[in-house]
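If you count by this note's numbering, then the sequence shown holds residues 107 to 343, one letter each, in order. Beta carbons: idealized from backbone N, C-alpha and C, even for Gly.
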Amino acid sequence: MDGATSHHPGIPPASEYVDALGAALAQHLIPDAELPPALADAIRDTARALGLAPGRSPSSTVAIVRIAVETVSVLLLGDTTVIVGRTDGNHEIHTDDRLGALGIPQAAEYRRRLAHGSGYDDVHRRLLRELQERQREQRNRPGGYWIAEADPSAAAHAIRLDIPRNSVSWLVAATDGAREPIQSLGIPWTDIAQQSADELGALLRTCHSWEAETDPDGRILPRSKRHDDKTLAVVRL
């Protein structure tokens, strides 16, 4: 999960929302539960527990990987990525890119400015505020994008994959804050899939250092802020 804080006053921070949603998911993800209804129940419980309403709530991406006897199931809601490594040596990258596909002009403009050396200036911050407002207008509605927030019906719009288990060798889940610098650094996902927990931690620190020292102003990798939350999870079968 990768949370985003609401700017409405009195709304809990994203970290509190993510912790509550994660705990609720752990309760509802029993072995035979369908993933979208389990996520819907978790969103409903979280909204009730924190007193949240649609449009006045933190939000979070969700990526779920479940390994069953014959099937690997993947659910994606928001722009967290799951990479599926196949037993034949190939791999596939799966991302819910509906937010990025909206084509909101401010998104292209802030990236263009960063690539030309503007840095994170006042104009950049204004563009982000305008972008976030436009995104809120299209959140959890047809023709827009879907995210875990306070509306349980968003779960029904998650991207679903069911893959034969015997065709899967490994999976990597990555937030966009980890995926983007990893791709900029050219580190193969096949290598990452074989790393230990300590090695994954070192990789995330390398990404953070690259952002701070090599690309502090977002010219190489135009992004909304210098550093974003970075999470990686690896499953090997």
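- A straight line joining the alpha-carbon of L205 with that of R266 spans about 17 Å.
- Under the Cβ criterion (8 Å, minimum of three pairs), the segment 133-144 does not count as touching the segment 297-305.
- Of the other Cβ atoms in all chains shown, fewer than 16 fall within 10 Å of the Cβ of I173; this residue is therefore exposed.
- Straight across, the Cα-Cα distance linking K331 with G324 is about 8 Å.
- Assigned with DSSP and collapsed to three states, L205 falls in coil, not helix or strand.
- Checking the DSSP bridge columns, you'll see T281 has no partner listed.
- For the pair A260 and L182, the CB atoms are not nearer than the 8 Å cut-off.
- In the three-state DSSP reduction, S275 falls in the strand class (E or B).
- With the rule of 3 Cβ pairs closer than 8 Å, the segment 239-247 does not count as touching the segment 285-294.
- In this structure, G283 places its C-beta atom within 8 Å of the C-beta atom of D335.
- E255 is a Cβ neighbour of S165, given a cutoff of 8 Å.
- Secondary structure note for V124: its alpha helix (DSSP H) is the uninterrupted segment 120-134.
- Closest by C-alpha distance to T111, out of W316, P328, Q238, is Q238.
- Going by beta carbons, V178 and R271 fall inside the 8 Å limit.
- The beta carbon of D268 sits closer than 7 Å to the beta carbons of T177, S179 from its chain, once the five residues preceding and following it are set aside; these are given in chain order.
- Fewer than three pairs of CB atoms, one per stretch, sit closer than 8 Å, so the segment 134-154 makes no contact with the segment 206-226.
- For S315, the enclosing alpha helix (DSSP H) starts and ends at 303-315.
- In the DSSP assignment, L156 falls within the alpha helix (DSSP H) that extends over 141-156.
- The DSSP-derived three-state label of T337 is coil.
- The DSSP-derived three-state label of H222 is coil.
- With a 10 Å radius around the Cβ and a threshold of 16 neighbouring Cβ atoms, S163 comes out buried.
- Shortest Cα-Cα distance from V188 to any of V175, L277, A207, R240 involves L277.
- For D185, there is no enclosing alpha helix (DSSP H), as DSSP gives it neither H nor E.
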